[in-house]
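Just below is one structure, and these are the notes that go with it.
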Amino acid sequence: MKIIKTTICVIIILLALGGPFAFAERKYIGYYLQKDPPLSGYYGVKAYVNTIDQTVPSGSNFYCEWVTIILSYANGYWIQCGYNKGYDSPTSGALYWYVELMDSTTEDPEINWWYQPTANNYYTYFVEEDSTYDWKAGVFGQFIDYLDSDPFWSVDLQTFVEATTDDIVINGTDFQYLEYKGNHDWNLWDQHVSGSNSSVWWIVDASEHYEWEAFREP
Amino acid sequence: MKYKNILIITLLLSTLSLVVVSVYYTTNMKKTTTPEEDVVDIDDPSNRIKGPAPFELKSTFALITTVSDQWNKSGMSLHLPTKLSGKLIPMGVWISCTDDNKYGDYGIFIYSAKNRTKIATAELVIEVRPGSVLPFNKESALGIFTTINGCDAYIQENALVGHVEYRKLYGNNSTILCIIIDNLCYWMRGMPQLSVKDMVNIASNMSLLK
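So the protein sequences, as listed, match chains A and B.
If you read the first sequence in this note's numbering, its first letter stands for residue 1, the second for the next number, and so on.
If you read the second sequence in this note's numbering, its first letter stands for residue 219, the second for the next number, and so on.
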């Protein structure tokens, strides 16, 4: 009986120690482009994405859906374009578009907010090479941001849903027509790797490589 | 009696599993955090960073020798440090696989003195990819362009890091040293305790891994 009591105490202590880490973890689900980066990097990423309008738990929570060009995994540099709903939107809890840049010259990640997607509408998000600046990012027919970056090349592409908690019901998530720009031409994704660190979010391949949907298990 | 024994064994196994998980967290995260850092401050602006999904979710953690063997066979001449500062040791390499289950030609090599294997938190990481030019604009980059052992290199002190976990361990800055050797581009990120001199010393003593 003494062994059982001791064991239960140890379990409780260990669970208490582990709890904070589970709280801290950001949740992701989506596609990486599987290809190795070409010598000159990628010149763009694009996707046609549904705007879901789901409930966000109170507190400092948000979810966002985006396309991203990775400039460096080592230092954590990227250019991201997507939409967001949560406490950090300019109007808390509202849907907003945004473009986020983190590179070796920024003091902190720069985020530009744009007003405003309509729920249940699809929009085409892109990050793409530009002739004057290094990059342009935005939503077709809505807005364009122009950006310079150091480094100027890219090593990977991602299309993901991200959230502070996977309690958020991401049903309705739908990414279509994923495209990458290799040698200055747009191509549908022809390889991918799914990635997720959630045990309750699920991804469905809607085509072989360039369309996916996601939902939360009931 | 039999039921009691099964119960005890089950509880002991559960405890063992939790100890393993706890040791993992302890070695990878807790040793260098203070108690107040255990819980993320959700009002801290750095926690609003959105950013990409981690590379670890698409890759596997492999032995450096396994990767270098394959790369050498495919004509990629991998150079790695032979003199490391402090007690840094090579931990392994995060690398993704291609459709035919071979390693890709982009990998992130991890060095740590504290058994850290995550890209965001290891003391020294080296991102390697094919490339013959430095990926920085000479007009706008904040660092200096130089040569090390005749190889083109770029060094930037106090370069910002986008990983939130890194920021909580080391602060916002790192040293970047980027060098081109035999058509491979090596991007090194060192924690702030590694000086520019340390980083140059590491880069100066890279040799072909056979």
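Ideal Cβ positions, reconstructed from N, Cα and C, are used throughout, including at glycine.
All of these numbers come straight from a predicted model, not from anything done at the bench.
- DSSP, read as helix, strand or coil, puts Asp174/A in strand.
- For Ala119/A, the CB contacts under 8 Å within the same chain, skipping 5 residues up- and downstream, are Thr51, Ile52, Asp53 and Leu95 in chain order.
- The alpha-carbon separation between Ser358/B and Asp167/A amounts to approximately 43 Å.
- DSSP places Lys85/A inside the beta strand (DSSP E), whose first and last residues are Tyr77 to Gly86.
- Leaving aside the five residues that flank Thr164/A on each side, the residues in its chain whose CB is nearer than 8 Å to its CB run, in chain order, Arg26, Lys27, Ser60, Asn61, Phe62, Tyr63 and Gly86.
- Given a length threshold of 4 residues, the region 179-203 of chain A has no whole run of the alpha helix (DSSP H) inside it.
- Chain-ordered, the chain A residues with CB closer than 7 Å to the CB of Tyr324/B read Asp36, Pro37 and Val155.
- Listed in chain order, the non-local C-beta contacts of Cys396/B below 6 Å within the same chain comprise Leu352, Tyr372 and Trp405, local neighbours out to five positions each way being set aside.
- Close CB contacts of Tyr122/A within its chain, under the 6 Å cut and outside five residues either way in sequence, are with Tyr48 and Asn50 (chain order).
- Trp201/A and Cys369/B have their C-alpha atoms roughly 47 Å apart.
- Burial is judged here by how many other beta carbons sit within 10 angstroms of a residue's own beta carbon; Ile69/A has at least 16 and is buried.
- Annotation for Thr283/B: the continuous alpha helix (DSSP H) segment containing it runs Ile282 to Lys291.
- Per DSSP, the unbroken beta strand (DSSP E) holding Asn50/A starts and ends at Gly44 to Asn50.
- The residue among Ser286/B, Thr339/B and Pro299/B with its C-alpha nearest the C-alpha of Glu274/B is Thr339/B.
- When CB distances to chain A are screened at a threshold of 8 Å, the residues of the region 330-351 of chain B falling below it are Ile337, Ala338, Val343, Ile344, Glu345, Arg347, Pro348, Gly349 and Ser350, in chain order.
- For Ser199/A, the closest Cβ of chain B is not nearer than 8 Å.
- Taking a C-beta distance under 8 Å as the contact criterion, Leu296/B and Ser104/A do not qualify as a contact pair.
- Not flagged as an interface residue toward chain B: Val139/A, since no C-beta distance is shorter than 8 Å.
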